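Some notes on the structure that comes next.
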Amino acid sequence: MSDKKKIAIFASGNGSNFEAIARACQQDRINAEVVICVCDHPGAYVTERAKRLEIPVLELRPKSYPSKADYEKVILEALKKHEVEFIVLAGYMRIIGDVLLNEYTNKIVNIHPSLLPAFPGVDAIGQALNYGVKVFGVTVHFVDHTLDGGKIISQAAIPYDGNDREELEAMVHAREHVLYISTLRSLLN
Ligand code: GRF
């Protein structure tokens with residue numbers, strides 16, 4: 013029997029981190045198998061990436077459920093069916109609620125494009141640029157009830173003294189992929 017950890021990746025949009033991690037798993041650079049992609053924006057580009065990589069996708073419209081708990085119960089059922097042991101958030105633009113947190117305590121991680129605790133929440137890169145910082149960065153952390161406030165697992169700093177958002181975003185994303193893969197490798201191997 014394979015000793016690979018079965019993981020789910022949750023994403024809402026582009027999915028570049030999803031693809032980097034899924035490929036690393038398929039190439040045995042992480043001792044895990046991505047058994048499901050959960051997406052809260054049906055039709056988001058991440059779903060195409062998943063289909064190309066032959067990873068099952070669960071697409072949901074959160075607004076069509078009476079509550080967050082009802083929405084998460086549907087996800088939990090799918091995770092159980094796929095025997096998911098660990099959850100990786102990669103650009104999932106939604107706060108995780110009690111249903112999933114209670115079932116996967118300390119087994120959910122997220123990546124955030126800033127050096128937390130600086131600039132939590134949406135548009136961290138824009139927040140940091142507006143603030144005028146000279147060292148940007150990325151953080152991988154455990155997920156708890158707080159907004160981007162769970163225990164920090166790893167960070168990488170990105171010195172940048174320019175004002176070109178596109179250039180900076182490309183640097184941040186490239187660094188995210190490297191940091192997320194190496195962090196998951198240590199957590200899951
Ligand atoms: C990343 O910057 C990640 O840190 C943030 O959302 C973005 C997702 O990018 N949480 P992608 O969808 O993986 O390309």
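In my numbering, the protein residues as written are 13 to 201.
Beta carbons: idealized from backbone N, C-alpha and C, even for Gly.
Just so you know, these numbers come straight off a predicted model, no measurement behind them.
Within its own chain, the residues whose Cβ lies closer than 8 angstroms to the Cβ of Ile-193, once the five positions on either side in sequence are excluded, are Ala-32, Ile-33, Ala-36, Arg-41 and Ile-42, listed in chain order.
Within the stretch 120–160, the complete alpha helix (DSSP H) segments at least 4 residues long are 136–143, listed from N- to C-terminus. According to DSSP, residue pairing for Ser-166 in a beta bridge involves Val-152. The Cβ-Cβ distance between Phe-148 and Val-184 falls below 8 angstroms. The straight-line gap separating the alpha-carbon atoms of Ile-99 and Tyr-172 is approximately 31 angstroms. The bridge partners DSSP lists for Val-184 come to none. Nearest neighbour of Val-152 by Cα position, chosen from Tyr-77, Ser-24, Gly-133 and Ser-126, turns out to be Ser-126.
Straight through space, the alpha carbons of Asp-82 and Ile-165 are spaced by roughly 30 angstroms. Ile-137 sits away from Leu-112, with the two beta carbons spaced by 8 angstroms or more. Listed in chain order, the non-local C-beta contacts of Asp-176 below 6 angstroms within the same chain number zero, local neighbours out to five positions each way being set aside.
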